[in-house]
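Peer 1:
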Amino acid sequence: MIFSTPAPYSENRLSEMLARNAQWAGQITAQDPDYFKRLSAGQSPAFTVISCCDSRADPNTLLQSNLGELFVYKNVANQAGLNDLSLQTAIQFSIDSLKVKHILVFGHHNCGGVRIALGLHAGGAPGDWLEGVRELAHDHQLFNPASPEQANRNVDKLCELNVIQQVRLAALSPSVNAAWGRGEPVAVGGLVYSLSTGRVIDLDCTIRSRAEIDERCFSAMKAICARYQ
Ligand SMILES: [Zn+2]
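Residues 45 to 273 (my numbering) are what the sequence shown spells out, left to right.
Written as structure tokens, this is what we have:
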């Protein structure tokens, strides 16, 4: 079942999914009668994940995590804006209340949001949601590719650069800096998922203090640019 391609929407889909849920919960309870009791007692996730909404890029499935392991926040193109009150609340709650010590920005190749920012996808984004991605594309001269192949490479390159940019912003968030100020060992890192291989790659940009933000982000972006040359 897990390897099947999802069927198109039909009026029965919701009832089918609820039946699958009941079957799944029943199987778990049969094997471990206390599992959901333990799970409902509280959460202690190991990671806070800032992920894209893309239906194919689910961190829990891709990292084969268990319920309670990942505290996941999703938006289009995995943005970590300092003015995003909802995200900043999630980061603060995860660090202050859940005592999470590792934040991960989880991007993916061929991201629809990144394609919109490059003008390669029908439709658009309201307001300035993808403005930072557009600026990044402009800085790295990723507009006006010479060929369709180059356009696709530019999309994936921008997906990775965007992860680093969002790692930088997450590392600048007030809650992360307050935790560092208290001497807590909080880390902020970035991953990218390849839709075509199923593999998740560590972009080697993990930041563990405010002092190393610029250097870590610069070297990670440099490594991406070298890889896509
Ligand atoms: Zn996406």
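Even for Gly, the Cβ is constructed at its ideal location relative to N, Cα and C.
Nearest to H146 by CA position, among T241, A166, V93, is which residue?
Peer 2: Indexing the sequence shown from 1 puts residue 146 at position 102. Closest option to H146, Cα to Cα, is V93.
Peer 1: Closest to L180 by CA distance: which of P192, L235, R212, Q136 is it?
Peer 2: Counting from 1 along the sequence shown, the entry for residue 180 is found at position 136. Ranking P192, L235, R212, Q136 by Cα distance to L180 puts R212 first.
Peer 1: Classify F137 as helix, strand or coil using the three-state DSSP reduction.
Peer 2: Against the sequence shown, residue 137 aligns to sequence position 93. Reduced to three states, the DSSP call for F137 is helix.
Peer 1: Among the residues of its own chain, which have a CB less than 8 Å from the CB of R159, if the five just before and after it don't count?
Peer 2: Here residue 159 is taken as the residue at index 115 of the sequence shown, counted from 1. For R159, where only same-chain residues beyond five positions count, the Cβ hits under 8 Å are H165, V199.
Peer 1: Classify D76 as helix, strand or coil using the three-state DSSP reduction.
Peer 2: For the purposes of this step, residue 76 is identified with residue 32 of the sequence shown, where counting begins at 1. Correct three-state label for D76: coil.
Peer 1: Indicate, with yes or no, if ligand 1 has a heavy atom lying under 7 Å from the CB of H165.
Peer 2: Within the sequence shown, the letter at position 121 stands for residue 165. H165 Cβ: outside cutoff for every heavy atom of ligand 1.
Peer 1: Given this structure, state the Cα-to-Cα distance separating G225 from V149, to the nearest angstrom.
Peer 2: On the sequence shown, residue 225 is found 181 positions in, with the first residue counted as 1. On the sequence shown, residue 149 is found 105 positions in, with the first residue counted as 1. Distance between the alpha carbons of G225 and V149: 22 Å.
Peer 1: For R260 versus I268, is the C-beta spacing smaller than 8 Å?
Peer 2: Taking the first residue of the sequence shown as position 1, residue 260 is located at position 216. Taking the first residue of the sequence shown as position 1, residue 268 is located at position 224. Taking 8 Å as the Cβ cut-off, R260 and I268 do not qualify as a contacting pair.
Peer 1: Quick check for students: name the residue ranges of the alpha helix (DSSP H) that lie wholly in the stretch 95–152, counting only runs of 4 or more.
Peer 2: 103–106, 129–136, all fully within the stretch 95–152.
Peer 1: Output needed for Q71: all residues of its chain with C-beta closer than 7 Å, excluding positions within five of it in sequence on either side, in chain order.
Peer 2: To locate residue 71, count along the sequence shown from 1; it is residue 27. Nothing meets the Cβ criterion.
Peer 1: Quick check on the DSSP output: the beta strand (DSSP E) that includes D248 runs from which residue to which?
Peer 2: Stepping through the sequence shown from its first residue, residue 248 is reached at position 204. First-last for D248: undefined, no H or E at that position.
Peer 1: Put A90 into one of helix, strand or coil per three-state DSSP.
Peer 2: Position 46 of the sequence shown, counted from the start, is the residue given in the question as residue 90. Residue state, collapsed to three classes: coil.
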